[in-house]
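Notes follow the structure.
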Amino acid sequence: MALISCPECAGVVSDKAPNCPHCGFIIEQQISAEEEVEIIRAEEKAEKDRKKEEAIKKAERKTTLFGLILLIISISVIIISMFAATR
Ligand SMILES: [Zn+2]
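Using the working numbering, read the sequence shown as starting at 998 and increasing by one per residue.
See below:
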């Protein structure tokens, strides 16, 4: 349990209290819960985005490696065929 200040009268209110004991202002637990869900969603989205980015980076790395291998193979083939042609 934490103490928060009432947004209406700035009095000290328990965060579990449904309304302010000083002025009766209704502390909207609903909104804070929604905000919490929003924060969790944002965190999940950030995590997902991070994972997606990682996957893209990994795929890019694989593609680069594959391209490099292909390039080496084609260069080797060209060199070998050149040697074969001169012989
Ligand atoms: Zn109050």
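The beta-carbon is built from N, C-alpha and C at its ideal position, and this holds for glycine as well.
So ILE1024 and ALA1014 are in contact, right, with Cβ under 8 Å, and what is the actual spacing, rounded?
6 Å
| Should GLU1025 be listed as close to ligand 1, given that the test is whether its C-beta is under 6 Å from any heavy atom? | no
### Task
Give me every residue whose Cβ sits closer than 6 Å to any heavy atom of ligand 1, in chain order.
CYS1003, GLU1005, CYS1006, GLY1008, CYS1017, HIS1019, CYS1020 and PHE1022
### Task
Decide if VAL1010 is buried, meaning its Cβ has at least 16 other Cβ atoms within 10 Å, or exposed.
buried
**Message:** Using C-beta distances below 8 Å, list every residue in its chain close to SER1002, excluding the 5 sequence neighbours before and after it, in chain order.
**Reply:** GLY1008, VAL1009 and VAL1010
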